[in-house]
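Top line first, the protein sequences correspond to chains A and B. The numbering used here numbers the first residue of the first sequence as 1 and each following residue consecutively. The numbering used here numbers the first residue of the second sequence as 1 and each following residue consecutively. For each residue, glycine too, the CB sits at the ideal point set by N, CA and C.
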Amino acid sequence: MRRLAVLAVLVLAACGGGNSSTTTLSGGGVDGGTQGPVVSISEPAGDNTTEIVVDSGPAEAFALGVANVPYVNVTVCAPGSTTACRTIDHVILDTGSIGLRLLRSSVAGLGLPAQMVPADAATGTPAGQAVECYPFVIGGIWGPVVQADVQLGNRRSATIPVQLVDDGDTPLFAPTADCKAAVNDALLTGVTTLQAKGVLGVGMLRYDCGLACDTTTRAGSYVQYYACSNGACAPARMPAEIQLQNPVVHLPQDNNGTQIVLPAVPDTGASLVKGRLVLGIGTQANNQLAADARFVFVDNDPASADYLYVATTANGRRYPVSYIDSGSNGLFFDDPAVSRTCAANAGTAAAKWYCPGSVWRQPATLAGPLDTPAAVELSLVSADRLFATSNVAFATLGGTPGPGEMFVWGLPFFYGRTVSTSIWGQPLALGGPWWAF
Amino acid sequence: MKAAALVLLLLASGAAHAVLGGDLASIQADALQVQGTRRATAALDHTVHEIVAPDGARQRQYTNAQGRVFRVDWVQDGKPRLAALLGAHDAAYRAALQRAGRGSPLQRQVVVEAGDLVVQQSAYLNRHAGSAWLRSQLPASLAEQRR
Numbered sequence: 001m002r003r004l005a006v007l008a009v010l011v012l013a014a015c016g017g018g019n020s021s022t023t024t025l026s027g028g029g030v031d032g033g034t035q036g037p038v039v040s041i042s043e044p045a046g047d048n049t050t051e052i053v054v055d056s057g058p059a060e061a062f063a064l065g066v067a068n069v070p071y072v073n074v075t076v077c078a079p080g081s082t083t084a085c086r087t088i089d090h091v092i093l094d095t096g097s098i099g100l101r102l103l104r105s106s107v108a109g110l111g112l113p114a115q116m117v118p119a120d121a122a123t124g125t126p127a128g129q130a131v132e133c134y135p136f137v138i139g140g141i142w143g144p145v146v147q148a149d150v151q152l153g154n155r156r157s158a159t160i161p162v163q164l165v166d167d168g169d170t171p172l173f174a175p176t177a178d179c180k181a182a183v184n185d186a187l188l189t190g191v192t193t194l195q196a197k198g199v200l201g202v203g204m205l206r207y208d209c210g211l212a213c214d215t216t217t218r219a220g221s222y223v224q225y226y227a228c229s230n231g232a233c234a235p236a237r238m239p240a241e242i243q244l245q246n247p248v249v250h251l252p253q254d255n256n257g258t259q260i261v262l263p264a265v266p267d268t269g270a271s272l273v274k275g276r277l278v279l280g281i282g283t284q285a286n287n288q289l290a291a292d293a294r295f296v297f298v299d300n301d302p303a304s305a306d307y308l309y310v311a312t313t314a315n316g317r318r319y320p321v322s323y324i325d326s327g328s329n330g331l332f333f334d335d336p337a338v339s340r341t342c343a344a345n346a347g348t349a350a351a352k353w354y355c356p357g358s359v360w361r362q363p364a365t366l367a368g369p370l371d372t373p374a375a376v377e378l379s380l381v382s383a384d385r386l387f388a389t390s391n392v393a394f395a396t397l398g399g400t401p402g403p404g405e406m407f408v409w410g411l412p413f414f415y416g417r418t419v420s421t422s423i424w425g426q427p428l429a430l431g432g433p434w435w436a437f
Numbered sequence: 001m002k003a004a005a006l007v008l009l010l011l012a013s014g015a016a017h018a019v020l021g022g023d024l025a026s027i028q029a030d031a032l033q034v035q036g037t038r039r040a041t042a043a044l045d046h047t048v049h050e051i052v053a054p055d056g057a058r059q060r061q062y063t064n065a066q067g068r069v070f071r072v073d074w075v076q077d078g079k080p081r082l083a084a085l086l087g088a089h090d091a092a093y094r095a096a097l098q099r100a101g102r103g104s105p106l107q108r109q110v111v112v113e114a115g116d117l118v119v120q121q122s123a124y125l126n127r128h129a130g131s132a133w134l135r136s137q138l139p140a141s142l143a144e145q146r147r
């Protein structure tokens, strides 16, 4: 059954940082229909903010089935230039990685200079252009590192290293055998496979690799950084300052973290969501933490098995490997009590969605090693029911990552909240790394 | 669950590999290779050997009453070379992965099943964690993972 579009306007007073409005522009299909409403939030505004959209992805990708992917526009300029600049749409806003990665084609003609790696006498690696292999659990990115100034909202960074996803017909440097193995022969080489024109990694850290890549080429892991010259690439130690950087750290102000502000989404989804990315935490009138914001401190001991994680409890289970991640498109945790009998799971091993018979709601908590647990609600709707709509934003989409201790609070967690992600080592009233919401 | 720390060793360097389906010797060889510490914790029907490398990389290898490794866990910065952990099961894993396809663009977690073998992985902030196990060899206390 299909409902006609409705028009509704809600104005909500928000705490801690001015008013915000949630506007439902059009809608239908509140239950069983095919198209949910458009929901948007227009505050906070200001130079330290930019728009987030959750939509069906870049037009060039012909993407089918993109869900819960938040995109922003990012402007890049040649170092120091005010004219050699380009604004790139549909860059994934990702708190689960560090650094800006852009399609090589999207910056063609800007003349971004190569990031060079000095020769390394200790390892015998000659000087060359930095090239990175950045693997995901499946797939990954290969491409050269260049230098650019990055503008988010109206804040422009210092010149920093940026990776280019090499989507050229002729790659600048051929992927190494080691990189192909690391990504399971599934390099993301273009807008269709990436379903984006780039990834803006603004997680809790400053560097995408840090000390490990600075001091070794890491024999036990796949090689991450190479120095390439004369068509050959050699594993390279990469000083932290020329690794991919969290762009937010290099802004002149509002550089201690980010806030992601997204409106609430109905149980069966929204056809379009617009929200705000706010730079800085507690640095401007528009990014103050709410008086009742709850903090979740991350395990910050690199020697700990739970380093960078927090713990979740839900439905009588404890998940010590938990994180909040805008780059994950669902709530991923294992609970045998929830049905995973889904038509959507047939014939694929990549996703094992949950399909409860009716809306499944449970209280849950999030907590770092020393925190008082923060209570949140966990809601799941059958993935089959969600995917039968033409919606792209779902607050209730979940699946299992297989039996274990992992709980990924992906984008569904962000709807209806302001989620602050602090950056470890940056000046904050309360030292990071933590999330607050 | 009753548990007791049995061994804490600091091991020198060596060469080796080792693995799911391997034996205790393969675990010792692993610890040698990473020049790490090894700590064994006994449960009722299995033993967990934890190896921590100097750079913080961790592996847990689970052995059954027969001393065979039926499960391996890992967590470390950067992506580990799984072939070294999966051993003879690596080919089955790779074949299953080819069939898996991909989910969202930045897929952070995946579980791959290949008959008796289950491999799950997560990658967040370049921190890679995962587990691989053989369903048929899980002891009673870990039976839930047979699903």
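Residues that DSSP places opposite residue i in a beta bridge
i	result
Pro161 of chain A	A:Gln147
Phe295 of chain A	A:Ala436
Ala114 of chain B	B:Leu117
Gln288 of chain A	Paired residue(s): none; Gln288 of chain A is not in a bridge.
Pro235 of chain A	A:Tyr226
Tyr207 of chain A	A:Gln245
Selection from the options that minimises the alpha carbon distance to residue i
i	options	result
Val54 of chain A	A:Leu211, A:Val137, A:Pro263	A:Pro263
Ile423 of chain A	A:Thr34, A:Phe62, A:Ile88, A:Gly99	A:Gly99
Thr50 of chain A	A:Val91, A:Pro58, A:Gly36, A:Cys85	A:Val91
Pro247 of chain A	A:Ser42, A:Val162, A:Ile52	A:Val162
Ala123 of chain B	A:Trp360, A:Leu308, A:Gly128, A:Ser390	A:Leu308
Trp74 of chain B	B:Gln61, B:Gln66, B:Gly22	B:Gln61
Ala148 of chain A	A:Val66, A:Glu405, A:Gly109, A:Gly431	A:Gly109
Pro105 of chain B	A:Gly46, A:Met204, A:Asn329	A:Asn329
Cys342 of chain A	A:Trp353, A:Pro175, A:Asp334	A:Trp353
Gly56 of chain B	A:Ala291, A:Gly139, A:Gly220	A:Gly220
Val298 of chain A	A:Ala196, A:Val359, A:Pro369, A:Val66	A:Pro369
Thr216 of chain A	A:Asn154, A:Ser106, A:Asn256, A:Ala121	A:Ala121
Neighbour flag for residue i against chain B, beta carbons, 8 Å
i	result
Leu308 of chain A	yes
Cys521 of chain A	No statement about residue 521 of chain A is possible, as the shown extent of chain A runs from 1 to 437 and does not include it.
Ser382 of chain A	no
Ala343 of chain A	no
Met116 of chain A	no
Ile260 of chain A	no
Ser26 of chain A	A caution first: Ser26 of chain A carries a pLDDT of 47, below 50, which makes its placement in the model too unreliable to give a value.
Pro440 of chain A	In this structure chain A extends from 1 to 437, so residue 440 of chain A is not present and cannot be described.
Ile98 of chain A	yes
Val74 of chain A	no
Met406 of chain A	yes
Length of the line joining the Cα atoms of residue i and residue j
i	j	result
Asn286 of chain A	Pro44 of chain A	6 Å
Arg277 of chain A	Gly96 of chain A	Checking the sequence, you will find Leu at residue 277 of chain A rather than Arg. Their Cα atoms are separated by approximately 15 Å.
Ala374 of chain A	Thr258 of chain A	20 Å
Ser21 of chain A	Met238 of chain A	Interpretation of Ser21 of chain A is limited by its pLDDT of 48, a score under 50 that renders its predicted location unreliable; no figure is taken from the coordinates.
Val517 of chain A	Leu152 of chain A	There is simply no residue 517 of chain A to check, as chain A begins at 1 and stops at 437 in what is shown.
Ala240 of chain A	Ala388 of chain A	46 Å
Leu24 of chain B	Ala181 of chain A	28 Å
Gly29 of chain A	Tyr415 of chain A	Low per-residue confidence applies at Gly29 of chain A: pLDDT is 40, beneath 50, and the placement is therefore not dependable enough to give any value.
Leu102 of chain A	Pro70 of chain A	15 Å
Asp31 of chain A	Thr268 of chain A	For Asp31 of chain A, the pLDDT reaches just 47, beneath the cut-off of 50, and the residue's location in the model is therefore unreliable, although a value from the coordinates is still provided. When rounded, the distance between both Cα atoms is 7 Å.
Ser125 of chain A	Cys233 of chain A	The residue asked about is misnamed: residue 125 of chain A is Thr in this sequence, not Ser. Those two C-alpha atoms are separated by around 9 Å.
Ala130 of chain A	Leu85 of chain B	30 Å
Ser339 of chain A	Ala346 of chain A	14 Å
Gln98 of chain B	Ala132 of chain B	17 Å
Gln107 of chain B	Phe136 of chain A	7 Å
Asp306 of chain A	Glu50 of chain B	14 Å
Short CB-CB distance (under 8 Å) between residue i and chain A
i	result
Arg81 of chain B	yes
Val118 of chain B	yes
Tyr124 of chain B	yes
Asp77 of chain B	yes
Arg71 of chain B	no
His17 of chain B	Note that His17 of chain B scores a pLDDT of 43, beneath 50, so its modelled location is shaky; the value from the coordinates is reported in the next line. No, His17 of chain B does not count as interfacial toward chain A.
Gln35 of chain B	no
Gln107 of chain B	yes
Ala40 of chain B	no
Chain E residues whose Cβ lies nearer than 9 Å to that of residue i
i	result
Lys352 of chain A	Included in the structure are the protein chains A and B, with no chain E among them.
Worksheet item: Are the segment 225-233 of chain A and the segment 117-132 of chain A touching by the rule of at least three beta carbon pairs closer than 8 Å?
Response: yes
Discussion item. With three or more C-beta pairs closer than 8 Å as the rule, is the segment 366-384 of chain A touching the segment 251-265 of chain A?
Written reply: no
Worksheet item: Does the segment 35-46 of chain B touch the segment 103-122 of chain B, meaning 3 or more C-beta pairs lie closer than 8 Å?
Response: no
Worksheet item: So does the segment 296-311 of chain A actually touch the segment 76-94 of chain A, counting three or more Cβ pairs closer than 8 Å?
Response: no
Worksheet item: Would the segment 65-79 of chain B and the segment 88-100 of chain B be scored as touching if the rule is three or more Cβ pairs under 8 Å?
Response: no
Discussion item. Whether or not the segment 429-437 of chain A and the segment 133-142 of chain B are in contact is what I'm after, with contact meaning three or more pairs of Cβ atoms, one per stretch, closer than 8 Å; do they touch?
Written reply: no
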